[in-house]
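Engineer: For the sequence shown, the working numbering gives the first residue as 4, with consecutive numbering after it.
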Amino acid sequence: MELNLKKITEKKIGFNITNLNDSKRLSEIMLITHDLSLNYNTIRRFFGVVKSVKASNYTLDTLAIFNGYKSYNDFLIKFGLQFQWKSELLVIELIHEKRNKELLKLINEEIHLRNEFYIIFIQIIRELILIKNYKLLVKIFKLKQTQQIHFSFDSLILIGMSIGKLLKKINLENTESHKLLLLKNFQDLVITINVDYSNLNTYYEKVISLIYKNSKRKHLLEFCKGVLNVNIYLQNKIDQQFHTLTYDDNFHPILKSRIYSQHILKNKIDIINTLENYFILNKREEELPIEYFFEIIFSSILTKNFKVMDWIIKKVNSHRNYNQFFKFEHYQNFIFMKLLFLRKNNDSLSIDNILEYFTFNDFNRSYRGVIDQYIYIFKHHTNNFNKENNYLDLYLINSKRMNLPLFTEKYLLTYFD
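What follows is the structure, given as structure tokens:
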């Protein structure tokens with residue numbers, strides 16, 4: 004935020020602080036206009052004219068007061084909100100007045116300066132998708148500063164998940180939209196981040212099929228084949244030929260788990276030996292990070308493979324203190340799988356112990372609709388929950404909405420048989 008304080012100070016006085024004279028001028032202006040005393044040498048250090056040092060609270064408070072705030076803390080609280088409000092108005096103006104060059108310049112300059120702009124960036128993409136301006140969207144995702152490499156993992160997840168929810172609004176009959184979906188950076192920022200199994204029977208399968216047929220990128224092809232295989236399973240077309248996925252040690256951990264989860268979907272006889280090989284191949288100091296189990300956990304739930312669940316439970320570290328939220332979500336998926344395993348084994352005491360701290364609200368959002376089915380299955384078969392809720396009815400309503408043939412009434416009733 005100190006960078007923002009520098010920028011608004013220079014904007015207020017109308018010149019940049021680049022030398023000794025500039026520093027003296029600002030010191031005099033502050034004294035004359037606001038009766039604020041700040042030594043020009045302090046100003047030189049703060050603006051980096053000479054070797055900078057950590058700014059004192061007095062320096063930060065004085066500059067904040069000069070810019071109309073009560074203190075630096077007041078600046079910290081208000082600046083982000085003011086910035087977002089002004090930026091949102093500006094963005095709406097630029098979009099609807101078709102000032103595309105100015106919009107591209109704004110994104111390229113502002114996107115990584117403050118976290119608040121990520122929300123504005125998502126709003127820009129949403130607006131352009133709704134008005135079907137795919138040409139401008141392509142230009143945005145070709146900008147240097149919107150390349151995946153410039154985003155932190157947390158911001159990548161925020162953007163990918165948020166924009167991914169808007170894919171259903173894209174008009175696939177418009178060939179201009181294909182250019183966006185086949186753009187490398189859009190695929191890296193959105194397609195590989197947000198997985199929407201709940202809509203495999205509608206838009207999502209079409210999006211993945213389009214990318215699969217037109218892409219030559221190795222990791223993306225394996226990703227698409229993995230999603231299409233899950234679709235085959237959810238459609239109850241297990242007599243249909245599954246796509247064959249190829250493992251590469253350079254792949255992301257979640258993609259690695261997706262590749263090995265295919266053996267579960269195909270009901271491979273020696274699945275535990277196969278998973279042991281996977282564990283040995285990727286383990287670190289006799290452990291495997293939770294993300295390496297992500298799709299394996301999901302596939303074990305999908306296929307009712309309690310033998311695989313048992314193997315996972317023995318391999319996953321029992322700690323729950325994850326600093327990164329995505330890892331916490333992965334751990335929640337694991338704990339839910341464990342609840343299903345315990346229900347299968349009628350271990351009510353262990354279930355009660357877990358339910359004291361577990362919540363059903365913190366699953367990975369991409370999988371929410373499908374995972375809801377298993378929550379209903381678990382609650383239907385477990386005495387801990389209020390039977391005023393008819394979980395079978397909720398399950399059947401969700402089944403009808405998703406239109407995925409796997410989720411029959413029999414599937415729920417016989418899940419733990």
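The beta-carbon is built from N, C-alpha and C at its ideal position, and this holds for glycine as well.
1. Which term fits residue 225, buried or exposed, when burial requires 16 or more other beta carbons within 10 angstroms of its beta carbon?
2. Could you tell me which uninterrupted alpha helix (DSSP H) segments, each at least 4 residues in length, are contained entirely in the region 90–114, listed from first to last along the chain?
3. Cα separation between residue 354 and residue 251?
4. Are the region 284–296 and the region 404–416 touching by the rule of at least three beta carbon pairs closer than 8 Å?
5. So, is residue 266 buried or exposed, given that buried needs 16 or more other C-beta atoms within 10 angstroms?
6. Note down, one range per segment and in chain order, each alpha helix (DSSP H) of at least 4 residues found wholly within the region 332–398.
7. What is the residue span of the alpha helix (DSSP H) that residue 230 lies within?
8. Could you tell me which residues DSSP puts in a beta bridge with residue 290?
9. Once the 5 residues before and after residue 188 are set aside, which same chain residues still bring their CB inside 8 Å of it?
10. Can you give, in chain order, each stretch of the beta strand (DSSP E) that sits fully within the region 22–95 and has at least 3 residues?
11. Since residue 246 is in the alpha helix (DSSP H), which residue starts that stretch and which ends it?
12. Could you tell me the alpha carbon to alpha carbon distance between residue 153 and residue 239, rounded to whole angstroms?
13. Less than 7 Å between the CB of residue 159 and some heavy atom of the ligand MN, yes or no?
14. On the premise that residue 69 lies in contact with residue 115, defined as a C-beta separation below 8 Å, what is that separation, rounded to the nearest angstrom?
15. Can you say whether residue 71 is buried or exposed, counting buried as having 16 or more other CB atoms within 10 angstroms of its CB?
16. Going by beta-carbon coordinates alone, are residue 248 and residue 221 separated by less than 8 Å?
17. Considering just the uninterrupted stretch of the alpha helix (DSSP H) at residue 151, what are its terminal residues?
18. Quick one: using the 10 Å Cβ neighbour count with 16 as the cut-off for buried, is residue 333 buried or exposed?
19. For residue 99, does the count of other Cβ atoms within 10 angstroms reach 16, so buried, or fall short, so exposed?
20. For residue 319, which of helix, strand or coil comes out of DSSP?
21. Among 93, 31, 243, 60, which has the Cα closest to the Cα of residue 78?
22. Tell me which same chain residues have a C-beta within less than 6 Å of the C-beta of residue 63, skipping the five on either side of it?
23. In this structure, does DSSP put residue 181 in helix, strand or coil?
24. Leaving aside the five residues before and after residue 133 along the sequence, list all residues of the same chain whose C-beta is less than 7 Å from its C-beta, in chain order.
25. Alpha carbon to alpha carbon, what distance is there between residue 81 and residue 41?
26. For residue 394 and residue 413, what's the separation of their Cα atoms in angstroms?
27. Quick check on DSSP: helix, strand or coil for residue 274?
28. Just the C-alpha distance for residue 122 and residue 174, rounded to the nearest angstrom, thanks.
29. With a threshold of 8 Å, are at least 3 pairs of Cβ atoms found where one atom belongs to the region 154–168 and the other to the region 194–201?
30. Select from 337, 305, 306 the residue whose C-alpha is nearest the C-alpha of residue 315.
31. Could you give the DSSP three-state label for residue 198: helix, strand or coil?
Structural biologist: The answer reads as follows:
1. Numbered from its first residue, the sequence shown carries residue 225 at position 222. Residue 225 comes out buried.
2. 103–113
3. Here residue 354 is taken as the residue at index 351 of the sequence shown, counted from 1. Here residue 251 is taken as the residue at index 248 of the sequence shown, counted from 1. Their Cα atoms are separated by approximately 38 Å.
4. no
5. Here residue 266 refers to the residue found at position 263 of the sequence shown. Classification for residue 266: buried.
6. 351–358, 371–383
7. Counting from 1 along the sequence shown, the entry for residue 230 is found at position 227. Per DSSP, residue 230 belongs to the alpha helix (DSSP H) from 221–237.
8. Here residue 290 is taken as the residue at index 287 of the sequence shown, counted from 1. According to DSSP, which records beta bridges pairwise, residue 290 is partnered with 287.
9. Within the sequence shown, numbered from 1, the residue matching residue 188 stands at position 185. Cβ within range, chain order: 144, 145, 149, 150, 151.
10. If only complete runs of 3 or more residues are kept, the region 22–95 shows no beta strand (DSSP E) anywhere.
11. Position 243 of the sequence shown, counting from 1, holds the residue named residue 246. Neither: residue 246 is in no alpha helix (DSSP H) and is coded neither H nor E.
12. Here residue 153 corresponds to residue number 150 of the sequence shown, with the count starting at 1. Here residue 239 corresponds to residue number 236 of the sequence shown, with the count starting at 1. Going by the C-alpha atoms only, they are around 41 Å apart.
13. This structure simply doesn't include the ligand MN, nor any ligand for that matter.
14. Here residue 115 corresponds to residue number 112 of the sequence shown, with the count starting at 1. Here residue 69 corresponds to residue number 66 of the sequence shown, with the count starting at 1. So it is not a contact: roughly 27 Å between Cβ atoms.
15. Numbered from 1 along the sequence shown, position 68 holds the residue referred to as residue 71. When all chains shown are included, residue 71 counts as exposed.
16. Counting from one through the sequence shown, the residue named residue 248 turns up at place 245. Counting from one through the sequence shown, the residue named residue 221 turns up at place 218. Against a cut-off of 8 Å, the Cβ pair of residue 221 and residue 248 comes out as no contact.
17. Position 148 of the sequence shown, counting from 1, holds the residue named residue 151. It is not in any alpha helix (DSSP H) - residue 151 carries neither H nor E in the DSSP assignment.
18. Working through the sequence shown from its first residue, we reach residue 333 at position 330. Per the 10 Å Cβ criterion, buried.
19. For the purposes of this step, residue 99 is taken as residue 96 along the sequence shown, with counting starting at 1. The residue in question, residue 99, is exposed, as its Cβ has fewer than 16 Cβ neighbours within 10 Å.
20. In the sequence shown, residue 319 corresponds to position 316, counting from 1. It is coil, neither helix nor strand.
21. Reading the sequence shown from its first residue, position 75 is the one you call residue 78. When each option's Cα is compared against that of residue 78, the closest is 60.
22. Taking the sequence shown and counting its residues from 1, one reaches residue 63 at position 60. Excluding positions up to five away in sequence, the list reads 75.
23. Counted from its first residue, the sequence shown places residue 181 at position 178. Reduced to three states, the DSSP call for residue 181 is helix.
24. Within the sequence shown, residue 133 is the residue found at index 130, counting from 1. Cβ neighbours of residue 133 beyond the five flanking positions: 172.
25. Taking the first residue of the sequence shown as 1, we reach residue 41 at position 38. Taking the first residue of the sequence shown as 1, we reach residue 81 at position 78. When rounded, the distance between both Cα atoms is 23 Å.
26. On the sequence shown, residue 394 is found 391 positions in, with the first residue counted as 1. On the sequence shown, residue 413 is found 410 positions in, with the first residue counted as 1. So the alpha carbons of these two residues sit roughly 14 Å apart.
27. Within the sequence shown, residue 274 is the residue found at index 271, counting from 1. Of the three classes helix, strand and coil, the one that applies to residue 274 here is helix, per DSSP.
28. Reading the sequence shown from its first residue, position 119 is the one you call residue 122. Reading the sequence shown from its first residue, position 171 is the one you call residue 174. Each residue's Cα considered, the two are about 23 Å apart.
29. Below 8 Å, enough C-beta pairs join the region 154–168 and the region 194–201 to call them touching: three or more.
30. Reading the sequence shown from its first residue, position 312 is the one you call residue 315. Checked all of 337, 305, 306; the closest Cα to residue 315 is 337.
31. Translated into positions along the sequence shown, residue 198 becomes position 195. It is coil, neither helix nor strand.
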